[in-house]
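Trainee:
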Amino acid sequence: MRIVLATRDVATRQWFEQTVRQLLAEQGLSKLPSFIEIELHYTGPGETGAVSEVTSRICEAQDDPEKALDTLRASSDRDSDSEFHSGLGGSLKRSEGRPDMVALVQSEIAAGPSNSQLGVFVCGPLSMQGGVSNAVAFAQVEMLKGGSRDVYQHMEHFSWA
Numbered sequence: 001m002r003i004v005l006a007t008r009d010v011a012t013r014q015w016f017e018q019t020v021r022q023l024l025a026e027q028g029l030s031k032l033p034s035f036i037e038i039e040l041h042y043t044g045p046g047e048t049g050a051v052s053e054v055t056s057r058i059c060e061a062q063d064d065p066e067k068a069l070d071t072l073r074a075s076s077d078r079d080s081d082s083e084f085h086s087g088l089g090g091s092l093k094r095s096e097g098r099p100d101m102v103a104l105v106q107s108e109i110a111a112g113p114s115n116s117q118l119g120v121f122v123c124g125p126l127s128m129q130g131g132v133s134n135a136v137a138f139a140q141v142e143m144l145k146g147g148s149r150d151v152y153q154h155m156e157h158f159s160w161a
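Residue numbers (full-length UniProt numbering): 1 to 161.
1. From Glu-17 to Gln-27, what does the alpha carbon distance come to, in whole angstroms?
2. Do Val-4 and Leu-126 have their CB atoms nearer than 8 Å?
3. What residue range does the beta strand (DSSP E) around Leu-24 cover?
4. With a 10 Å radius around its C-beta and 16 neighbouring C-beta atoms as the bar for buried, classify Arg-8 as buried or exposed.
5. Tell whether a beta-carbon distance below 8 Å holds between Tyr-152 and Gln-117.
6. In this structure, does DSSP put Gly-119 in helix, strand or coil?
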């Protein structure tokens, strides 16, 4: 399974990282299983993860000012990126910039064995959805011409787009 998350928001990326850690812990796993690959693409302005993380935690702790001060101290003593990498193993890739979703879908379609199924789930801006839809439609037309790879697509729209 390949999971690709592209976000311009550091807080969303951090939420995703924490959720993956929690899911692994619930299953008694210390790292990602070998059959799961995760790609995280940060598309926002200059990486300011440390500042955003502190801001995010302070917002969470607004009900308790002492907690906010503790958050500032704790955040300055650690690096969330290295924690995430060491906690999940080698099946995680991080990069900056928007992924080429069309090329990614095309490579997944080509890499799969014949008589197999591929599910493509996408939520993003209309330009991303359009490109992915076209790549999936092309694969579906090829299947109708005698190809053997079944490709399913599900799209969700951004609530703020």
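Ideal Cβ positions, reconstructed from N, Cα and C, are used throughout, including at glycine.
Mentor: Answer, in terms of the structure:
1. 16 Å
2. The Cβ atoms of Val-4 and Leu-126 lie no closer than 8 Å to each other.
3. Looking at the DSSP string, Leu-24 is not in any beta strand (DSSP E); the run it does join, the alpha helix (DSSP H), is 10-26.
4. exposed
5. yes
6. strand
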